[in-house]
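Written below as structure tokens is the structure these notes are about.
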Amino acid sequence: MTSPKFRSVSPILAVASVDGAISFYESVLGFRLGWKWGDPTSVASVCRDEVELMFELAPEAAAVVPAKMYVVISGLEQYYGEIVTAGAKVIYPLAVRDYGMKDCRIVDPDGNEISFGEPVG
Numbered sequence: 001m002t003s004p005k006f007r008s009v010s011p012i013l014a015v016a017s018v019d020g021a022i023s024f025y026e027s028v029l030g031f032r033l034g035w036k037w038g039d040p041t042s043v044a045s046v047c048r049d050e051v052e053l054m055f056e057l058a059p060e061a062a063a064v065v066p067a068k069m070y071v072v073i074s075g076l077e078q079y080y081g082e083i084v085t086a087g088a089k090v091i092y093p094l095a096v097r098d099y100g101m102k103d104c105r106i107v108d109p110d111g112n113e114i115s116f117g118e119p120v121g
């Protein structure tokens with residue numbers, strides 16, 4: 001018998017507008033629409049390479065409990081330049097940290113904070 005193997009994780013972010021979140025993640029962070037459901041849209045996902053993020057229409061929750069996540073990528077310096085140029089609101093600028101990562105943190109229009117990091121060396 002083989003042991004269970006975890007394959008991926010897809011955070012579900014509470015947002016005030018699913019279509020607004022899709023627009024931000026596509027135009028500023030370079031994700032693409034995975035799928036969406038409902039009329040008006042109440043749940044959706046965006047993808048970039050092997051990362052999938054999901055959005056759920058929950059304006060009250062979005063205002064009270066924003067999420068925080070850390071996404072490890074390669075080519076971080078180039079990506080950072082792209083998202084800053086596209087208008088990302090930077091909380092922590094790109095820097096090498098004492099914990100062995102080069103990273104930055106941005107905030108989306110719903111207050112969710114996303115850190116992008118890359119191992120140093």
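So the sequence shown is numbered by the UniProt record's numbering: it starts at 1 and just counts up by one.
Using N, Cα and C, we set each Cβ at its ideal position, and we do this for glycine too.
Straight-line Cα distance separating residue j from residue i
i: G117; j: Y79; result: 10 Å
i: A16; j: L94; result: 28 Å
i: D103; j: S23; result: 24 Å
i: F13; j: T2; result: Position check: residue 13 holds Leu in this sequence, whereas Phe was assumed. Going by the C-alpha atoms only, they are around 33 Å apart.
i: Y92; j: T41; result: 32 Å
i: A61; j: N112; result: 11 Å
i: K89; j: A21; result: 14 Å
i: R48; j: V120; result: 22 Å
i: D110; j: G75; result: 26 Å
i: S115; j: M101; result: 11 Å
Sheet register partners of residue i (DSSP bridge)
i: Y92; result: R105
i: Y99; result: Partner(s): none; Y99 has no beta bridge.
Nearest to residue i (by Cα), restricted to the options the options
i: E26; options: A86, G75 and G81; result: A86
i: G38; options: P66, V46, K89 and V18; result: V18
i: M69; options: Y99, V107, G121 and R7; result: V107
i: E50; options: L57, V64 and I73; result: I73
i: V84; options: P11, L29 and V71; result: L29
i: V43; options: R32, G34 and F55; result: F55
Residue i beta carbon near the ligand ADP (any heavy atom closer than 6 Å)
i: A16; result: The ligand ADP is absent from the structure shown, which contains no ligands of any kind.
Hey, which unbroken runs of the beta strand (DSSP E) at 3 residues or more fall wholly within the UniProt domain "VOC" (5 to 119)? DSSP runs (the beta strand (DSSP E)) wholly in the UniProt domain "VOC" (5 to 119): 12 to 15, 32 to 37, 43 to 48, 51 to 57, 68 to 72, 89 to 96, 101 to 107 and 113 to 119.
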